[in-house]
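Remarks on the structure that follows.
Number of protein chains: 2
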Amino acid sequence: MSKLTNECIRVASRPGGIPTADNFRKEVEPVPDLQPGQILVQNQWLSIEPAMRGWLADANNYASVPEGDVMRSLCVGTVVESRADDYSKGDRLMGWFGWQHYAVVAPTAVVQNITTSDLPPSIYLGVLGLNGITAATALDKLGQPQAGETVVVSTAAGGVGSCVGQLAKALGCRTVGLTSTTEKAEACKNQFAYDHVINYKTDDMAAALKSACPDGVDVYFDNTSGHISDAVMPQLAIGARVIVCGTASVTSWNPPPMGPRIERILLTRRARMQGFLLFDHMDTYPAYVRQLEGMVRAGTLTYREHITDGLESAMGAIQEVYQGKNLGKRLIRL
Amino acid sequence: MSKLTNECIRVASRPGGIPTADNFRKEVEPVPDLQPGQILVQNQWLSIEPAMRGWLADANNYASVPEGDVMRSLCVGTVVESRADDYSKGDRLMGWFGWQHYAVVAPTAVVQNITTSDLPPSIYLGVLGLNGITAATALDKLGQPQAGETVVVSTAAGGVGSCVGQLAKALGCRTVGLTSTTEKAEACKNQFAYDHVINYKTDDMAAALKSACPDGVDVYFDNTSGHISDAVMPQLAIGARVIVCGTASVTSWNPPPMGPRIERILLTRRARMQGFLLFDHMDTYPAYVRQLEGMVRAGTLTYREHITDGLESAMGAIQEVYQGKNLGKRLIRL
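So the protein lines, in turn, are chains A and B.
Note that this note's numbering has the first sequence beginning at 1, numbered continuously upward.
Note that this note's numbering has the second sequence beginning at 1001, numbered continuously upward.
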């Protein structure tokens, strides 16, 4: 094939807190020749994740992206050329292809083959991707919600949170969403079917939580940490489970900010608090995808996408997510 | 039988923080007549527990003792008279008989019959009582230590801690004890067989922990909270388990004191932190007693007792425990 030119976004510098467009640079370079065992993928969709802040931090993180590397991202793309077994031209894949037009990767970068034709492929980056499968896996394995229990979700309208709320509702739980704008609160009520929605910027959190959770909070799915969690923790019920899935409300952990100690709450409520990282649970990823595909087809799991066009629009998108500018899964369309 | 006179210690007032002798009063009163279904127990041993501070706090606690009541305590005593099935004069019992010479109770107050004759009965209040069974149950069910893992214990020489250290050692773990005096550190090394002992009052905690736990902390058995925990938490290994069993280093939780937020540690280490209360696990109490009886007989589980004589000596004993004046299980002999 004729030599292809790639455009890619590389990590230019490490952010002190939330990554901005200045932490990235765009480069134009030739696509390298395909080696045996590799595949060439043309990206159609790039994903923006809150977790990217962690991937760009240097301190105390599980998976930093080195400076100078193409920004790590899950993408949906199509195989243009294959020198690997089991992959053919035209295959549609979801995987770690990075913020770029063309990716030359080994099959280990592939998370899944997209074989459905009745569902839009972009949802494999959202409700059927990292966000949805994080929600399903963490809620199921760590949260273990029972029918009739109360499940509180922070960033309730976000990619993970909106899925948690709907999954918990489908299991017969009372669902309480914490969010930050009138628009998001509307989506929580009307689209994501939360039983109660609390705006943590305008409502009296303690009073609103007491009213929404008269028997306490059985499962707290925490994507924020910080003051939002400080209001939820004292309301935990006996035997509560707290899933620490993200810390979106804290801009820097170096040094860690101070907050009220929680040991006494965990002790008196015999509560469990546990960190969750999807990469520890990739063996069950396909099973949860199949479960959620069924719910999307049945209409019991809905989603929103916030799409911008063009590779360059990725560079400022992490910051926009932290500014709360997106409603639904943040995607870049190429 | 002739009318007996009882001496008892009642709760006179609620402490703001750590209970002192002033929070109690001694009373002399007749022993009530035995009703059908009741037993009369004469106490030989009373127990002093760090948990008693919690039982005397009014805020946010799982089991407050009402003002005016006889102070709640586990005791070892002998049945003087019985109007209940299954209990006879001369039976030796461990149970909730309170800080007093004579207790008239229902059989629900009995935790266990002491049927062994080769072991001193006082140990059913210590290494074979609330302390030892707390250690065994929490370590086993919540800590789930594996051979070769590193187990860190705060209040390492205490009633619970010394048992945790020895149990973890018997399972093939590397054990690290945190304690506060030279005398306790000696006991940790020589009697309780800790691999490493750190004096948190004199050692550089961060450096000492790094040196003692080169692969991080897999299980942290926390009896203290506070600054001691602040030094341990950043050293957690991936998949660590933190057992919140007590908060001895924090004098008041109203309002909760501030400390470094731990969500990011739990998230990046995928660690689990869980509160433990033995009363949730009474169904497995007898099984753990039998296990520990075997270890005491085999000499693989040793213990210390700190004994004072006379009912009045109980009144200041909780404060003394919090001042670190005891070495080993704190007991009152009548």
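We put the CB at the ideal spot given by N, CA and C, even for glycine.
By the three-class DSSP mapping on this structure, what secondary structure does residue i have?
| i | result |
| --- | --- |
| Ile1039(B) | strand |
| Gly90(A) | coil |
| Asn6(A) | strand |
| Ala1206(B) | helix |
| Tyr322(A) | helix |
| Phe24(A) | strand |
| Trp1099(B) | coil |
| Gln1191(B) | coil |
| Gly1301(B) | The identity of residue 1301(B) in the sequence shown is Leu, whereas the question assumes Gly. Coil at Leu1301(B), not helix or strand. |
| Pro30(A) | strand |
| Lys329(A) | strand |
| Thr1181(B) | coil |
| Val70(A) | strand |
| Val1065(B) | coil |
| Asp1280(B) | helix |
| Leu46(A) | strand |
| Leu1315(B) | Note that residue 1315(B) corresponds to Met in the displayed sequence, not to Leu. Note: Met1315(B) maps to coil in three-state DSSP. |
| Arg14(A) | coil |
| Gly54(A) | helix |
| Arg83(A) | coil |
| Gly310(A) | coil |
For residue i, is the classification buried or exposed, using 16 other Cβ atoms within 10 angstroms of its Cβ as the cut-off for buried?
| i | result |
| --- | --- |
| Met1233(B) | buried |
| Glu183(A) | exposed |
| Thr115(A) | exposed |
| Thr1150(B) | buried |
| Asn1326(B) | buried |
| Gly1098(B) | buried |
| Pro32(A) | exposed |
| Arg241(A) | buried |
| His1227(B) | exposed |
| Gly1299(B) | exposed |
| Phe192(A) | buried |
| Pro145(A) | buried |
| Gln35(A) | exposed |
| Ala206(A) | exposed |
| Val28(A) | exposed |
| Thr1179(B) | buried |
| Pro15(A) | buried |
Which residues in chain A have a C-beta closer than 7 angstroms to the C-beta of residue i? List them in chain order.
| i | result |
| --- | --- |
| Met1205(B) | Within chain A, no residue comes near Met1205(B); the closest Cβ sits about 16 angstroms away, beyond 7 angstroms. |
| Val1244(B) | Glu263, Leu266 and Leu267 |
| Thr1247(B) | Glu263, Arg264 and Leu267 |
| Trp1253(B) | Arg264 |
Along chain B, which residues have their Cβ under 7 angstroms away from the Cβ of residue i?
| i | result |
| --- | --- |
| Met315(A) | Result: empty, since nearest Cβ-Cβ is about 25 angstroms, beyond 7 angstroms. |
| Pro256(A) | Pro1260, Arg1261 and Arg1264 |
Strictly below 8 angstroms CB to CB, what residues from chain A border residue i?
| i | result |
| --- | --- |
| Phe1276(B) | Leu267 and Arg270 |
| Asp1280(B) | Arg270 |
| Ser1225(B) | Arg261, Glu263 and Arg264 |
Since residue i meets chain B, which of its residues come closer than 8 angstroms, beta carbon to beta carbon?
| i | result |
| --- | --- |
| Met273(A) | Leu1266, Arg1272, Met1273 and Gln1274 |
| Ser154(A) | Simply none; closest approach about 11 angstroms. |
At 9 angstroms on the CB atoms, spell out the chain E contacts of residue i, in chain order.
| i | result |
| --- | --- |
| Ser1064(B) | You won't find chain E in this structure, because its protein chains are A and B. |
- Given 8 angstroms as the limit, is there contact between the region 1149 to 1167 of chain B and the region 1221 to 1237 of chain B, that is, 3 or more CB pairs closer than that? Yes, the region 1149 to 1167 of chain B is in contact with the region 1221 to 1237 of chain B.
- Length-filtered (3 minimum) beta strand (DSSP E) runs lying within the region 1114 to 1177 of chain B: Runs found: 1150 to 1154.
- Message: In chain order, what are the residue ranges of uninterrupted beta strand (DSSP E) at least 3 long that sit wholly in the region 1212 to 1269 of chain B?
- Response: Listed in chain order, the beta strand (DSSP E) elements of length 3 or more contained wholly in the region 1212 to 1269 of chain B are 1217 to 1222, 1236 to 1244 and 1258 to 1260.
- Query: Do three or more CB pairs link the region 1249 to 1269 of chain B to the region 245 to 256 of chain A at distances below 8 angstroms?
  - Reply: Flag = yes, the region 1249 to 1269 of chain B and the region 245 to 256 of chain A touch.
- For the region 78 to 93 of chain A and the region 36 to 45 of chain A, state whether three or more C-beta atom pairs, one from each stretch, are separated by less than 8 angstroms. Touching, yes, given that three or more Cβ pairs across the two stretches are closer than 8 angstroms.
- Check whether the region 100 to 108 of chain A touches the region 42 to 50 of chain A, taking contact to mean three or more Cβ pairs, one atom from each stretch, closer than 8 angstroms. These segments touch.
- Message: Does the region 119 to 133 of chain A come into contact with the region 276 to 289 of chain A, if we say contact requires no fewer than three beta-carbon pairs (one atom in each stretch) closer than 8 angstroms?
- Response: Under the three-pair Cβ rule at 8 angstroms, the region 119 to 133 of chain A counts as touching the region 276 to 289 of chain A.
- Task: Please determine if the region 1013 to 1021 of chain B and the region 1314 to 1323 of chain B are in contact, where contact requires at least 3 C-beta pairs separated by less than 8 angstroms.
- Result: The region 1013 to 1021 of chain B vs the region 1314 to 1323 of chain B: in contact.
- Task: Evaluate contact between the region 272 to 286 of chain A and the region 1273 to 1285 of chain B, counting only Cβ atoms and requiring at least three cross-stretch pairs below 8 angstroms.
- Result: Touching, per the Cβ criterion.
- Query: Can we say the region 1001 to 1017 of chain B touches the region 52 to 59 of chain A, given the rule of at least three CB pairs closer than 8 angstroms?
  - Reply: Counting Cβ pairs under 8 angstroms, fewer than three are found: no touch.
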